[in-house]
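Chains as they are written, first to last, in our numbering: chain A, 1 to 271; chain B, 272 to 542; chain C, 543 to 813; chain D, 814 to 1084. Have a look at the structure below before the remarks.
4 protein chains.
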Amino acid sequence: MHEKHIKHQWRARLHEVIFEADTRSGKRFDVVLIIFILLSVAVVMLDSVQAFLAYALWFRIIEWFLTIAFTVEYILRLLAVRKPLAYARSFFGIIDLLAILPTYISLFLPGTHYLLIIRSLRVLRVFRVLKLVKYLKEANMLLLALRASRRKITVFLFSVLSLVLVLGSIMYIIEGEESGFTSIPRSVYWAIVTLTTVGYGDIAPSTAIGQSLAAFIMILGYCIIAVPTGIVSVELTRTMGERASTQVCPKCGAKGHDYDAVYCKYCSTKL
Amino acid sequence: MHEKHIKHQWRARLHEVIFEADTRSGKRFDVVLIIFILLSVAVVMLDSVQAFLAYALWFRIIEWFLTIAFTVEYILRLLAVRKPLAYARSFFGIIDLLAILPTYISLFLPGTHYLLIIRSLRVLRVFRVLKLVKYLKEANMLLLALRASRRKITVFLFSVLSLVLVLGSIMYIIEGEESGFTSIPRSVYWAIVTLTTVGYGDIAPSTAIGQSLAAFIMILGYCIIAVPTGIVSVELTRTMGERASTQVCPKCGAKGHDYDAVYCKYCSTKL
Amino acid sequence: MHEKHIKHQWRARLHEVIFEADTRSGKRFDVVLIIFILLSVAVVMLDSVQAFLAYALWFRIIEWFLTIAFTVEYILRLLAVRKPLAYARSFFGIIDLLAILPTYISLFLPGTHYLLIIRSLRVLRVFRVLKLVKYLKEANMLLLALRASRRKITVFLFSVLSLVLVLGSIMYIIEGEESGFTSIPRSVYWAIVTLTTVGYGDIAPSTAIGQSLAAFIMILGYCIIAVPTGIVSVELTRTMGERASTQVCPKCGAKGHDYDAVYCKYCSTKL
Amino acid sequence: MHEKHIKHQWRARLHEVIFEADTRSGKRFDVVLIIFILLSVAVVMLDSVQAFLAYALWFRIIEWFLTIAFTVEYILRLLAVRKPLAYARSFFGIIDLLAILPTYISLFLPGTHYLLIIRSLRVLRVFRVLKLVKYLKEANMLLLALRASRRKITVFLFSVLSLVLVLGSIMYIIEGEESGFTSIPRSVYWAIVTLTTVGYGDIAPSTAIGQSLAAFIMILGYCIIAVPTGIVSVELTRTMGERASTQVCPKCGAKGHDYDAVYCKYCSTKL
């Protein structure tokens, strides 16, 4: 009994330090963690640059040190929560695991340690250290709006993909191999590059008909970019603007009262 | 009489399987259909890739098999509906016909079988298999908003086209043949590439005046992209936020009353 | 007296044919005019293409025929209105004059006849032939929204220009002559190309610091494109959404009535 | 006493001329100032162009003349205000200092005088000379909207940066050194170029998998550009459309009543 109590106390203390950021030690833990994450991302990035080849050994040492630190942190996180499985399955739980695996895998498969860059996703934890509640509320609002527009954007994407397939194939027939449209998949790739207004220029039409169709695709892309923007705008307005309650005045029947209204604003009856 | 009854029953059963997706066999039919369509699109795409030249015969066999299957399906669709002509003229009726024609035409005109990629448009049927009603409602909303902004976008496009013609011609006079502005149509093509912020870079101004005008066109394009976006946003807000109730005045038959209206605003009759 | 009456009748008839599109002859005149304009634009464009050099004489003949026709039309327009000067100073009056001048000027200054492309602006008259009132109303709405956001967009443009000057100069100092940043004006041109997400690729940073700054400029451009879009959206919503009149019910004092409301929707009092 | 009075008068007069634009001499001062600023920006820009090398001495003379003029102006500004430190720390105070420093520094460190381009930021003062109040109000509105969306845009930027890091690294592993993806930082740079739809084309994927991932990134970028646009639109709507009246309840002091409110919605007192 006593042992269990101590264990509970330890877990609560651990949880406070690792998962929360409103105590002093909790905040300090988070700041150290974020510095470690940023250091780790920097090491992975610089490790791939030719000019820093001389420091490769140092990078390897730091990487192993950080991986072990993150592994310990991951185990502590599992110990700190009551339901370790729930944490392991959550978004950040999976990211935390993916952030340590590549180093171990790279022992057997060289090259995979570049996947460590996935650690950069852990930096999203930074919002906890900033005035967390407000930022999380804003992030939530954005997610809500995106989720609400999920279906509309799916419909939009399917239509755009069909369009791009058809336009790319027509372009393949028109332009032929000389201008770089060597196959339909490549033409479809070009159509996406053009419709999204990216425009690399590695493939570009050279015939008059091809350029006319390209001009048409560009103007089309210029106009239909309005669709996702419109969708998100409307959903954001909804998510942020939901101020009016659905209450009706019992006396005069007026609607459109604010959520915080106590009396009807037209006839002063108590709501 | 009896024969006709049987025929009716057959047609109803056929209609259920082919056109609807809420029964088990109807759903299964749709899933098989979509797999066939995706397979067909994949075959047309891969057929154009140099690296898969060895499989050309296999692609041809699959293509003919699918074309015959789609032809049978098209005939069944015509039989399943009461007014075959109405179906044949509908959007999907035309797409269904266009999806089988190229293979037959390619017997006489080689190369046209690439047009089979139009089959990808048939994939839009996929929304029927997903929770169809909701997705179709969303698609409808988008279409409604686009249709409502039809006129505004026409005005916008005409203005942009005029602008692009004038700017392209001025650029032709300024830059001349050296920088790739070899003719007015080509300069207009460049103006579209620039205004829509695609920017291939295959044609780019080289004189100081040309670059200044180009910079002006870019900033213009950067600003007027706001116009279609604004139009679609506003129309989407309208379509989704429709405030007018569906109530009809019992006396004068007027529609379009606000949800909070108690009396008809045209004849003062109580709603 | 009699003569003046005849002249008035003539002018009214002329005005009806040339300036209006709701009578049969008025519409026919407009259709012929638009065909002439499109023909004229096509001739100017094709005239600049190397491949059509053989037809140069034909193009010259058609151009002179059309210029004379447009000159006659311009004179008739001046005669048809009561205040010729007011017409000559209006937007379309100036365009109409500019549409005939270059041919005459090209007698003295060769090459200027390419400016005839300005005739394409006359095509905007096409809206008169389509269901004119509605399209003009939509065009008006767009213009109103743009005019209302005039000041905000001016502020935005000034800020963007200052930004681009500073960023371009910093880039000039960082990158130097090797990567194509040969002068500050050229660097500013590059900054505009990047900020507006056009991205030709004729000038691109090659140093690590330069690429970092470029990445920063891109993300900045990606974000501030939101500003003009937001401005136009808001103004369009205002212009299109102004449905509520400012009338107040004389009995209950309720506001927010539609423009077409005759009775108060809350208490049925006549407005 | 008398001396102090004279000093006060002098300061008030100086303040009127230098800081305000509604008197005649104040306006004249501002116009001259803006001409000097524009001249200065032009000189710095032209000084960097190879073709104007012959005028280098003239540019140097003008630059020194303007720098001395701006130095005098800066000192006068410090004298004209009661709290010189407050001015020196304000946005324009810092810009004014930065606008003169580089010339003096360039005596010791050659090349730094290009930083004088920072003077272009001083041109933002131009709004004072135009119908100042209105333009400043509009600028304020834009700033307010941007400040209100600060947090949402921070969240958005952090997510985009994480995304770009992960996508760039995956691209580095897929494409390898041949196509120009020589290191992770360079791949991340490419990912930003692609996601923001800039698309230089200096680095472009060449493998099929790489192009597929690139197509995915483009469509992603095409869709998530909707997010900042939506955010700014909504905030601008809020800032511009503020519906709450400025009335304060005479009894409970509550604010934020709608324009159509008759009674305080918190305590039912008549407004």
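From the three backbone atoms N, C-alpha and C, an ideal C-beta is built for every residue, glycine too.
Cutoff 9 Å: residue i Cβ touching any chain D Cβ
{"i": "Arg693 of chain C", "result": "yes"}
{"i": "Ser787 of chain C", "result": "Low confidence applies to Ser787 of chain C: its pLDDT is 44, below 50, so where it sits in the model is not reliable enough to give any reading."}
{"i": "Ile62 of chain A", "result": "no"}
{"i": "Ser754 of chain C", "result": "yes"}
Beta-carbon spacing of residue i, residue j below 9 Å
{"i": "Tyr326 of chain B", "j": "Leu337 of chain B", "result": "no"}
{"i": "Ile225 of chain A", "j": "Ile1038 of chain D", "result": "yes"}
{"i": "Phe300 of chain B", "j": "Ile308 of chain B", "result": "no"}
{"i": "Leu955 of chain D", "j": "Phe698 of chain C", "result": "yes"}
{"i": "Ala88 of chain A", "j": "Ile94 of chain A", "result": "yes"}
{"i": "Cys494 of chain B", "j": "Ile695 of chain C", "result": "yes"}
{"i": "Ser149 of chain A", "j": "Val1047 of chain D", "result": "no"}
{"i": "Pro727 of chain C", "j": "Ser861 of chain D", "result": "yes"}
{"i": "Tyr189 of chain A", "j": "Ser1000 of chain D", "result": "no"}
{"i": "Glu446 of chain B", "j": "Gly481 of chain B", "result": "yes"}
{"i": "Thr374 of chain B", "j": "Trp335 of chain B", "result": "yes"}
{"i": "Ser996 of chain D", "j": "Tyr985 of chain D", "result": "yes"}
Cutoff 9 Å: residue i Cβ touching any chain C Cβ
{"i": "Tyr200 of chain A", "result": "yes"}
{"i": "Leu146 of chain A", "result": "no"}
CB contact check: residue i to chain A, cutoff 9 Å
{"i": "Thr739 of chain C", "result": "yes"}
{"i": "Ala955 of chain D", "result": "Checking the displayed sequence, the identity of residue 955 of chain D turns out to be Leu instead of Ala. No, Leu955 of chain D lies away from the interface with chain A (no Cβ there is under 9 Å from its Cβ)."}
{"i": "Pro915 of chain D", "result": "no"}
{"i": "Phe905 of chain D", "result": "no"}
{"i": "Val312 of chain B", "result": "yes"}
{"i": "Ala899 of chain D", "result": "no"}
{"i": "Ala1017 of chain D", "result": "yes"}
Chain B residues whose Cβ lies nearer than 8 Å to that of residue i
{"i": "Thr1042 of chain D", "result": "Thr500"}
Beta carbon proximity, residue i to chain B, threshold 9 Å
{"i": "Thr609 of chain C", "result": "no"}
{"i": "Leu165 of chain A", "result": "yes"}
{"i": "Val188 of chain A", "result": "yes"}
{"i": "Gln9 of chain A", "result": "no"}
{"i": "Ile225 of chain A", "result": "yes"}
Closer than 8 Å: residue i CB and nearest the ligand COA heavy atom
{"i": "Leu165 of chain A", "result": "The ligand COA is not part of the structure shown, which contains no ligands of any sort."}
Residues near residue i in its chain [Cβ-Cβ closer than 7 Å; skip 5 each side]
{"i": "Phe612 of chain C", "result": "Ala641 and Ile642"}
{"i": "Ile488 of chain B", "result": "Leu438, Ala462, Thr465 and Leu466"}
{"i": "Leu556 of chain C", "result": "Leu618, Leu621 and Ala622"}
{"i": "Ile170 of chain A", "result": "Leu213"}
Per-residue contacts from residue i into chain C (C-beta, under 8 Å)
{"i": "Ser233 of chain A", "result": "Ser775"}
{"i": "Tyr326 of chain B", "result": "Within chain C, no residue comes near Tyr326 of chain B; the closest Cβ sits about 37 Å away, beyond 8 Å."}
{"i": "Val857 of chain D", "result": "Ser711 and Ile726"}
{"i": "Gly492 of chain B", "result": "Thr738 and Val740"}
Proximal chain B residues relative to residue i, where beta-carbon distance stays under 7 Å
{"i": "Leu778 of chain C", "result": "Gly501, Ile502 and Val505"}
{"i": "Val160 of chain A", "result": "Correct list: empty, because the minimum Cβ distance to chain B is about 11 Å."}
Proximal residues to residue i (C-beta, below 8 Å), its chain only, five neighbours per side dropped
{"i": "Glu287 of chain B", "result": "Thr294, Ser296 and Gly297"}
{"i": "Arg1051 of chain D", "result": "Ala958 and Ala961"}
{"i": "Glu449 of chain B", "result": "Ser477"}
{"i": "Val856 of chain D", "result": "Phe872, Ile875, Glu876 and Leu879"}
Chain A contact residues for residue i, given Cβ-Cβ distances below 8 Å
{"i": "Phe489 of chain B", "result": "The sequence given here has Met at residue 489 of chain B, not Phe. None at all; the shortest Cβ gap to chain A is about 12 Å."}
{"i": "Ala1004 of chain D", "result": "In chain order: nothing, as chain A lies at least about 11 Å away."}
Contacts around residue i, its chain only, beta-carbon distance under 6 Å, and the 5 residues preceding and following it disregarded
{"i": "Ala733 of chain C", "result": "Val706, Leu709 and Gly710"}
{"i": "Val464 of chain B", "result": "Tyr471"}
{"i": "Gln551 of chain C", "result": "none"}
{"i": "Gly180 of chain A", "result": "Ile203"}
{"i": "Phe634 of chain C", "result": "none"}
{"i": "Leu236 of chain A", "result": "Ala145"}
Cross-chain neighbours of residue i in chain D, by beta carbon under 7 Å
{"i": "Gly722 of chain C", "result": "Chain D residues near Gly722 of chain C: none, gap ~11 Å exceeds 7 Å."}
Cross-chain neighbours of residue i in chain D, by beta carbon under 8 Å
{"i": "Thr736 of chain C", "result": "Val1011"}
Chain C contact residues for residue i, given Cβ-Cβ distances below 7 Å
{"i": "Glu951 of chain D", "result": "Arg693, Lys694 and Val697"}
Residue ranges of each alpha helix (DSSP H) within the stretch 46 to 108 of chain A, 4 or longer
56 to 80, 84 to 89, 91 to 98 and 101 to 105
To test your reading of the DSSP string, which unbroken beta strand (DSSP E) runs of 3 or more residues are found completely within the stretch 474 to 501 of chain B?
none
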